[in-house]
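**Student:** In this note's numbering, the protein residues as written are 1223 to 1367.
Please read through the structure below; I'll follow up with questions.
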(Lines of atoms letter the chains of each structure in order from A and count residues from 1; the text may use other names and numbers.)
(Lines give C-alpha, C1' and ligand atoms only; values in the text may rest on other atoms or scores of the structure.)
Protein backbone atom coordinates (compact mmCIF):
# COMPACT_ATOMS: atom_id res chain seq x y z
CA UNK A 1 0.00 0.00 0.00
CA UNK A 2 1.47 3.39 -0.96
CA UNK A 3 2.31 5.81 1.79
CA UNK A 4 0.56 9.13 2.18
CA UNK A 5 3.49 10.93 0.57
CA UNK A 6 3.43 8.57 -2.42
CA UNK A 7 -0.34 9.06 -2.84
CA UNK A 8 0.00 12.85 -2.75
CA UNK A 9 2.83 12.76 -5.27
CA UNK A 10 0.81 10.52 -7.61
CA UNK A 11 -2.23 12.80 -7.32
CA UNK A 12 -0.06 15.79 -8.10
CA UNK A 13 1.29 14.11 -11.23
CA UNK A 14 -2.27 13.42 -12.39
CA UNK A 15 -3.41 17.02 -11.74
CA UNK A 16 -0.86 18.67 -14.00
CA UNK A 17 -1.81 19.00 -17.62
CA UNK A 18 0.78 18.00 -20.15
CA UNK A 19 0.89 19.72 -23.49
CA UNK A 20 0.83 17.22 -26.31
CA UNK A 21 1.77 18.27 -29.82
CA UNK A 22 2.14 15.95 -32.78
CA UNK A 23 4.58 16.84 -35.52
CA UNK A 24 3.92 15.49 -38.99
CA UNK A 25 6.59 14.46 -41.49
CA UNK A 26 6.93 18.00 -42.88
CA UNK A 27 7.52 19.55 -39.45
CA UNK A 28 4.06 21.11 -38.95
CA UNK A 29 2.60 20.97 -35.45
CA UNK A 30 -0.82 19.36 -35.18
CA UNK A 31 -3.27 19.93 -32.33
CA UNK A 32 -4.38 17.01 -30.19
CA UNK A 33 -7.96 16.27 -29.16
CA UNK A 34 -8.54 17.03 -25.44
CA UNK A 35 -9.92 13.52 -24.82
CA UNK A 36 -6.87 11.94 -26.40
CA UNK A 37 -4.55 14.20 -24.42
CA UNK A 38 -6.09 13.04 -21.13
CA UNK A 39 -5.61 9.37 -21.91
CA UNK A 40 -2.11 9.73 -23.35
CA UNK A 41 0.85 9.47 -21.04
CA UNK A 42 4.04 11.50 -21.28
CA UNK A 43 7.02 9.76 -22.80
CA UNK A 44 9.15 10.38 -19.75
CA UNK A 45 8.38 11.31 -16.17
CA UNK A 46 10.38 14.12 -14.61
CA UNK A 47 13.27 12.94 -12.47
CA UNK A 48 12.49 12.97 -8.78
CA UNK A 49 15.05 14.14 -6.34
CA UNK A 50 16.06 12.00 -3.39
CA UNK A 51 16.70 13.80 -0.12
CA UNK A 52 20.06 15.13 -1.26
CA UNK A 53 19.04 17.14 -4.35
CA UNK A 54 20.39 14.68 -6.92
CA UNK A 55 18.03 13.05 -9.36
CA UNK A 56 17.31 9.49 -8.39
CA UNK A 57 17.40 6.61 -10.84
CA UNK A 58 14.05 5.31 -12.02
CA UNK A 59 12.72 2.35 -10.10
CA UNK A 60 11.98 -0.82 -12.03
CA UNK A 61 8.39 -1.95 -11.97
CA UNK A 62 7.24 -5.30 -10.68
CA UNK A 63 6.65 -6.58 -14.17
CA UNK A 64 10.36 -6.20 -14.98
CA UNK A 65 11.42 -9.13 -12.83
CA UNK A 66 12.29 -12.32 -14.60
CA UNK A 67 11.66 -15.33 -12.38
CA UNK A 68 13.31 -18.51 -13.58
CA UNK A 69 11.53 -21.84 -13.16
CA UNK A 70 12.73 -24.02 -10.27
CA UNK A 71 15.44 -26.57 -10.94
CA UNK A 72 17.16 -29.28 -8.95
CA UNK A 73 20.58 -28.15 -10.13
CA UNK A 74 20.03 -24.69 -8.63
CA UNK A 75 18.91 -26.27 -5.35
CA UNK A 76 22.05 -28.44 -5.29
CA UNK A 77 24.30 -25.45 -6.03
CA UNK A 78 22.64 -23.52 -3.22
CA UNK A 79 23.22 -26.42 -0.84
CA UNK A 80 26.89 -26.52 -1.89
CA UNK A 81 27.15 -22.87 -0.89
CA UNK A 82 25.51 -23.43 2.50
CA UNK A 83 27.21 -26.76 3.32
CA UNK A 84 30.39 -25.25 4.81
CA UNK A 85 28.35 -22.89 6.98
CA UNK A 86 26.21 -25.79 8.19
CA UNK A 87 29.29 -27.86 8.94
CA UNK A 88 30.97 -25.03 10.88
CA UNK A 89 27.83 -24.36 12.89
CA UNK A 90 27.36 -28.03 13.77
CA UNK A 91 31.07 -28.48 14.59
CA UNK A 92 31.04 -25.43 16.87
CA UNK A 93 27.85 -26.46 18.63
CA UNK A 94 29.05 -30.05 19.20
CA UNK A 95 32.67 -29.45 20.20
CA UNK A 96 32.87 -32.63 22.28
CA UNK A 97 31.82 -34.98 19.44
CA UNK A 98 33.99 -36.47 16.73
CA UNK A 99 34.54 -34.77 13.38
CA UNK A 100 32.89 -37.67 11.53
CA UNK A 101 29.70 -37.14 13.55
CA UNK A 102 29.60 -33.49 12.44
CA UNK A 103 30.07 -34.56 8.81
CA UNK A 104 27.23 -37.09 9.08
CA UNK A 105 24.89 -34.55 10.66
CA UNK A 106 25.79 -32.03 7.93
CA UNK A 107 25.03 -34.60 5.23
CA UNK A 108 21.72 -35.38 6.89
CA UNK A 109 20.87 -31.66 7.02
CA UNK A 110 21.75 -31.33 3.31
CA UNK A 111 19.43 -34.20 2.37
CA UNK A 112 16.63 -32.18 3.93
CA UNK A 113 17.87 -28.80 2.66
CA UNK A 114 17.97 -29.64 -1.08
CA UNK A 115 14.33 -30.75 -1.50
CA UNK A 116 13.16 -28.01 0.84
CA UNK A 117 14.82 -25.26 -1.22
CA UNK A 118 13.40 -26.79 -4.42
CA UNK A 119 9.90 -26.73 -2.91
CA UNK A 120 10.33 -23.12 -1.82
CA UNK A 121 11.53 -22.16 -5.33
CA UNK A 122 8.57 -23.94 -6.91
CA UNK A 123 6.10 -22.28 -4.54
CA UNK A 124 7.53 -18.82 -5.22
CA UNK A 125 7.59 -19.44 -8.99
CA UNK A 126 3.93 -20.42 -8.98
CA UNK A 127 3.04 -17.43 -6.81
CA UNK A 128 4.77 -14.95 -9.12
CA UNK A 129 3.15 -16.66 -12.09
CA UNK A 130 -0.28 -16.19 -10.55
CA UNK A 131 0.47 -12.53 -9.83
CA UNK A 132 1.41 -12.01 -13.47
CA UNK A 133 -1.74 -13.82 -14.57
CA UNK A 134 -0.05 -16.82 -16.14
CA UNK A 135 -1.64 -20.25 -16.06
CA UNK A 136 0.05 -23.05 -14.20
CA UNK A 137 1.43 -25.89 -16.33
CA UNK A 138 1.78 -28.30 -13.44
CA UNK A 139 -0.31 -31.38 -12.66
CA UNK A 140 -3.05 -29.39 -10.94
CA UNK A 141 -3.40 -27.01 -13.91
CA UNK A 142 -3.72 -29.94 -16.32
CA UNK A 143 -6.40 -31.63 -14.19
CA UNK A 144 -8.63 -28.53 -14.18
CA UNK A 145 -8.72 -28.24 -17.99
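Built from N, CA and C at the ideal position, the CB exists for glycine as well.
Do residue 1347 and residue 1292 have their C-beta atoms within less than 7 Å of each other?
**Tutor:** Their beta carbons are under 7 Å apart, which means residue 1347 touches residue 1292 by this criterion.
**Student:** Closest to residue 1214 by CA distance: which of 1249, 1248, 1289, 1226 is it?
**Tutor:** Summary: the structure shown does not reach residue 1214, with the chain confined to residues 1223 through 1367, and so no result is reported for it.
**Student:** DSSP three-state label for residue 1342, please.
**Tutor:** In the structure shown, residue 1342 sits in a helix (DSSP, three-state: H, G or I).
**Student:** Considering only the alpha carbon of each residue, which of 1326, 1333, 1321 lies closest to residue 1297?
**Tutor:** Checked all of 1326, 1333, 1321; the closest Cα to residue 1297 is 1333.
**Student:** According to DSSP, which residues form a beta bridge with residue 1252?
**Tutor:** In the DSSP output, where bridge partners are listed per residue, residue 1252 has 1244.
**Student:** Using a threshold of 7 Å, state whether the C-beta atoms of residue 1325 and residue 1301 are closer than that.
**Tutor:** In this structure, residue 1301 does not lie closer than 7 Å to residue 1325 by Cβ.
**Student:** DSSP on residue 1331, reduced to helix/strand/coil?
**Tutor:** Residue state, collapsed to three classes: helix.
**Student:** Where does the unbroken alpha helix (DSSP H) through residue 1301 begin, and where does it stop?
**Tutor:** Run containing residue 1301: 1294 to 1315, per the alpha helix (DSSP H) assignment.
**Student:** Looking at the unbroken alpha helix (DSSP H) that takes in residue 1290, where does it start and where does it end?
**Tutor:** No alpha helix (DSSP H) contains residue 1290, which DSSP labels as neither H nor E.
**Student:** Can you give me the C-alpha to C-alpha distance between residue 1344 and residue 1294, rounded to a whole angstrom?
**Tutor:** For residue 1344 and residue 1294, the distance between alpha carbons rounds to 10 Å.
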